[in-house]
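Shown next, in structure tokens, is the structure this report addresses.
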Amino acid sequence: MVPPLIQATELRKEHRLGDATVTALCGVSLTIESGEFIAIMGPSGSGKSTLMHLLGLLDHPTAGSYRLGGRDVTDLGADERARTRAQKIGFIFQAFNLLGRSTAIENVELAMTYAGVPRKERRLRAVTALEKVSLGHRQHHWPGQLSGGEQQRVAIARVLAAGPGLILADEPTGALDTATGREVMALLQDLNRTGRTIVLVTHDPAIARYAKRIVRMQDGCAISDEAVVRDVGSDDAASQGLACPEKTAP
Ligand SMILES: Nc1ncnc2c1ncn2[C@@H]1O[C@H](COP(=O)(O)OP(=O)(O)OP(=O)(O)O)[C@@H](O)[C@H]1O
Ligand SMILES: [Mg+2]
Numbered sequence: 021m022v023p024p025l026i027q028a029t030e031l032r033k034e035h036r037l038g039d040a041t042v043t044a045l046c047g048v049s050l051t052i053e054s055g056e057f058i059a060i061m062g063p064s065g066s067g068k069s070t071l072m073h074l075l076g077l078l079d080h081p082t083a084g085s086y087r088l089g090g091r092d093v094t095d096l097g098a099d100e101r102a103r104t105r106a107q108k109i110g111f112i113f114q115a116f117n118l119l120g121r122s123t124a125i126e127n128v129e130l131a132m133t134y135a136g137v138p139r140k141e142r143r144l145r146a147v148t149a150l151e152k153v154s155l156g157h158r159q160h161h162w163p164g165q166l167s168g169g170e171q172q173r174v175a176i177a178r179v180l181a182a183g184p185g186l187i188l189a190d191e192p193t194g195a196l197d198t199a200t201g202r203e204v205m206a207l208l209q210d211l212n213r214t215g216r217t218i219v220l221v222t223h224d225p226a227i228a229r230y231a232k233r234i235v236r237m238q239d240g241c242a243i244s245d246e247a248v249v250r251d252v253g254s255d256d257a258a259s260q261g262l263a264c265p266e267k268t269a270p
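Going by our numbering, the first residue of the sequence shown is number 21, and it counts up by one from there.
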């Protein structure tokens with residue numbers, strides 16, 4: 021039997037601030053199968069980014085365990101965590117996380133360098149990915165010369181090109197206008213259709229509807245976990261102006 025891609029058990033994260041302890045995550049258990057598209061929602065401060073950092077091996081839990089692809093990664097050393105991140109995980113975060121001193125194409129290539137992709141292939145895959153996000157003509161521009169939406173599309177191109185199986189996106193549309201946000205979500209949906217697992221943090225219910233499952237958080241705890249019910253051909257179609265009442269009328 022294939023193990024779940026993500027198996028987090030009672031993950032807990034505390035921060036010590038002098039004498040005080042802030043509990044950012046109170047013991048969250050979460051199982052995510054390969055190929056899922058899951059949204060994490062909840063008010064500001066409820067622990068969403070903390071959970072993403074733990075799932076992305078960017079931080080250690082105070083307690084609990086984490087298995088990624090069946091392997092216990094809870095206590096990996098820094099080198100092994102970096103290697104695992106480079107090979108298996110793509111990040112799309114609101115602050116874009118692009119290197120300011122590298123051009124768009126260099127930013128896209130970098131993740132592949134870490135993952136050990138040969139140089140010629142890196143360039144080819146980076147160009148193809150930038151074209152896919154409609155930035156083929158901006159390859160040699162610096163992040164500072166790109167708009168927020170364009171920078172976010174570079175971050176997506178990076179994930180497209182490197183092809184990690186797990187994509188963690190923390191408020192990927194938070195800094196974007198509605199139309200650009202929809203474009204970004206359409207790209208994420210394409211990635212999910214090609215088999216990538218997506219974990220998305222969002223405040224926006226319209227964005228969360230792109231996912232197939234929604235986990236809600238509050239005060240560091242997961243308080244609900246539900247499948248997104250899609251009423252095929254009714255409200256979705258109607259909201260996009262696709263409903264055609266005349267045709268369904270007797
Ligand atoms: N380094 C830190 N030191 C102390 N407290 C922290 C630290 N990082 C996070 N916290 C606290 O942990 C809690 C959860 O923070 P987290 O960033 O995970 O929230 P969030 O759900 O992502 O919020 P937002 O929607 O505002 O991004 C908050 O109360 C926050 O203040
Ligand atoms: Mg956050």
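For each residue, glycine too, the CB sits at the ideal point set by N, CA and C.
Within the same chain, Cβ atoms closer than 6 angstroms to the Cβ of residue 82 are found at 32, 33, 34, the five residues on either side in sequence being excluded.
Sorted by position in the chain, 35, 37, 42, 44, 62, 64, 65, 66, 67, 68, 69, 70 make up the residues whose C-beta lies under 6 angstroms from a heavy atom of ligand 1. Residues of the same chain with a CB within less than 6 angstroms of the CB of residue 232, apart from the 5 flanking positions on each side, are 57, 248 in chain order. For residue 191, the shortest separation between its Cβ and any heavy atom of ligand 2 lies below 8 angstroms. Distances taken from the Cβ of residue 48 to the heavy atoms of ligand 2 include none shorter than 8 angstroms. In this structure, ligand 2 has a non-hydrogen atom nearer than 8 angstroms to the beta-carbon of residue 221. Comparing C-alpha distances from residue 145 to each of 118, 103, 117, 178 shows the shortest one belongs to 178. Nearest C-alpha to residue 221 among 43, 50, 166, 112: 112.
Residues 57, 59, 205, 208, 209, 220 of the same chain have their beta carbon placed closer than 8 angstroms to that of residue 230, with the five preceding and five following residues left out of the count. Shown here, residue 174 sits in a helix according to DSSP, grouped into three states. In the three-state scheme derived from DSSP, where H, G and I count as helix and E and B as strand, residue 39 is classed as coil.
Taking 9 angstroms as the cut-off, the Cβ atoms of residue 84 and residue 28 count as close.
Burial of residue 69 is indicated by the presence of at least 16 other C-beta atoms within 10 angstroms of its C-beta. Annotated three-state conformation of residue 51 is strand, per DSSP.
When secondary structure is reduced to three states using DSSP, residue 235 falls in the strand class. Here residue 205 carries a helix assignment [DSSP, helix/strand/coil]. When secondary structure is reduced to three states using DSSP, residue 245 falls in the strand class.
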